[in-house]
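Asker:
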Amino acid sequence: MRSRAQIVVVGGGPGGLCAALSAAQNGAEVTLLDAYPEPGGQFYHQPPRWRLANATRRQTQGRALWQRAQAAGVKIRSEVLVWNTSSERILSLNGPEGVEEIQADALILATGAYERPAAFPGWTLPGVITSGAAQILLYHKVRPGKRLLVAGAGPLQLVTAAHLVQAGVKVAAVLEGGRLVSKGLRQPWALWGQWERAREGLESLLTLASRKVPFLSGWGILAAHGDEQVEGATIARLDEKWRPIPGTEREVACDTICTGYGLVPFNALSRLCGAEQEWRPGQGGEVPRRDAWMQTSVPGIYAV
């Protein structure tokens, strides 16, 4: 079955919700498709079907944005997986109503990003997860483990570790592969305009310090150990090129390892419709080439 829609937005994260809201406020008929039970994406992740008495600030902000979009007339369809799209803006999808197609007059892709995995000896053992997976488990009130090691690079690791200790999970240590704090002190202008993130990072550091969680800048994980699941890890100090420094190895007891090394743009749908891609290292990899109006090289298909 094929239906028609004026504007279709794929992705219910902050970008997709804002795009849908803006279009609806300007008089367009908008349909938003999202794979999760409720919109919000990873940033505003909402627990499915039930409500939290102590929802996080992000969840509260996400719900408010979602409700604004609904009030503006956006038709939100949840638990819908878009698995193909064409240059003619025909979307193939599967959801609660079965398999169907939608012909869109205009298509906005807001498919976000996924975490960059890192391979190391033992990385396939049960108990090695991404930081995003740990966050999702926490949002669903499930502790990822009893004693965790958090390793990776970037501010998301700090936030994840802070959320873990606030949930009562024992965090053995937080390993930051780069020199996040010292770099911030050397280049304070990089924080200009990023006050919300800076505040969140500082709050996370203070939370870790108050629980006496070791924060090791310039350290990384070398291997995970265990027979049937994670039982420990080997860590080491890293040089400026992220190579382990001999003689600095340590053993850490843990049953769960959370890793996160940045994000990779999810560009599968834009590639399927034939949109030209360009390499943007600062954004994590290939992204659709866009003009000043965020339109891709395929007329009528936009990416946010």
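The opening residue of the sequence shown carries number 43 in the working numbering; numbering runs sequentially from there. Every residue gets a Cβ at the ideal spot worked out from N, C-alpha and C, and that includes glycine. These figures come from a predicted structure and were not determined experimentally.
#1: Taking all protein chains shown into account, do 16 or more other C-beta atoms lie within 10 angstroms of the C-beta of Asp147, making it buried, or fewer, making it exposed?
#2: Let me know the secondary structure DSSP gives Gly54 once reduced to three states.
#3: Below 6 Å CB to CB, which residues in the same chain sit around Glu71 once its five sequence neighbours on both sides are set aside?
#4: Output yes or no for whether 8 Å exceeds the beta carbon distance between Gly326 and Arg221.
#5: What does a CB cutoff of less than 6 Å around Ala214 pick up in its chain, not counting 5 residues either side in sequence?
#6: Leaving out five residues before and five after Arg331 in sequence, what residues of the same chain have Cβ atoms less than 8 Å from its Cβ?
#7: Which same chain residues end up closer than 8 Å to Phe85 when comparing Cβ atoms and leaving out the 5 residues on each side of it in sequence?
#8: Specify, as a first and last residue, the run of the beta strand (DSSP E) that Pro307 falls within.
#9: Rounded to whole angstroms, what is the Cα-Cα separation between Lys283 and Ala65?
#10: Taking the continuous alpha helix (DSSP H) assigned at Ala175, which residues delimit it?
#11: Answer with buried or exposed for Leu247, where buried requires no fewer than 16 other C-beta atoms within 10 angstroms of its C-beta.
#12: So, for Arg91: in the same chain, excluding its five sequence neighbours on each side, which residues have a beta-carbon less than 7 Å away from its beta-carbon?
#13: When burial is assigned at 16 or more other CB atoms within 10 Å of the CB, is Glu218 buried or exposed?
#14: Hey, which unbroken runs of the beta strand (DSSP E) at 3 residues or more fall wholly within the stretch 235-309?
#15: Can you name the residues that DSSP bridges to Thr127?
#16: With DSSP collapsed to three states, give me the class of Trp92.
#17: So what does DSSP say about Val170, is it helix, strand or coil?
#18: Can you tell me whether DSSP reads Pro163 as helix, strand or coil?
#19: With contact counted as at least three CB pairs below 8 Å, one residue from each stretch, are the stretch 297-315 and the stretch 104-123 in contact?
#20: What does DSSP give as the partner residue(s) for Trp335 in the beta ladder?
#21: Kindly identify the DSSP beta-bridge partner or partners of Ala146.
#22: Buried or exposed: which applies to Ala251, given that a residue is buried once 16 or more other Cβ atoms fall within 10 Å of its Cβ?
#23: Grab the span of the beta strand (DSSP E) containing Thr73 for me, first residue to last.
#24: Secondary structure at Pro330, three-state DSSP: helix, strand or coil?
#25: Could you tell me whether the Cβ atoms of Ala266 and Ile299 are closer together than 8 Å?
#26: Does DSSP put Ala345 in a helix, a strand or coil?
#27: Indicate the three-state DSSP secondary structure (helix, strand or coil) for Gly104 in the structure shown.
#28: CA-CA distance, Pro163 and Arg285?
#29: Could you spell out where the alpha helix (DSSP H) holding Val216 opens and where it closes?
Answerer: Checking against the coordinates, here is how it stands:
#1: exposed
#2: coil
#3: Here the set comprises Gln48.
#4: no
#5: Arg189, Leu191, Val294, Cys296
#6: Ala317, Glu318, Gln319, Glu320, Thr338, Ser339
#7: Bear in mind that the predicted position of Phe85 carries a pLDDT of just 49, short of 50, making it too unreliable to give a figure here.
#8: 305-307
#9: 45 Å
#10: 173-181
#11: buried
#12: Residue confidence for Arg91 is low, a pLDDT of 49 falling below 50, so the modelled location carries little weight; the figure read from the coordinates is stated next. Correct list, in chain order: Pro79.
#13: Label assigned to Glu218: buried.
#14: 257-259, 261-267, 274-279, 292-295, 298-302, 305-307
#15: Beta-bridge pairing links Thr127 to Leu133.
#16: For Trp92, the pLDDT reaches just 44, beneath the cut-off of 50, and the residue's location in the model is therefore unreliable, although a value from the coordinates is still provided. Reduced to three states, the DSSP call for Trp92 is coil.
#17: Val170 falls in the strand class under three-state DSSP.
#18: coil
#19: no
#20: In the DSSP output, where bridge partners are listed per residue, Trp335 has none listed.
#21: Ala47
#22: exposed
#23: 72-75
#24: strand
#25: yes
#26: strand
#27: helix
#28: 15 Å
#29: Here Val216 belongs to no alpha helix (DSSP H); instead the beta strand (DSSP E) covers 212-218.
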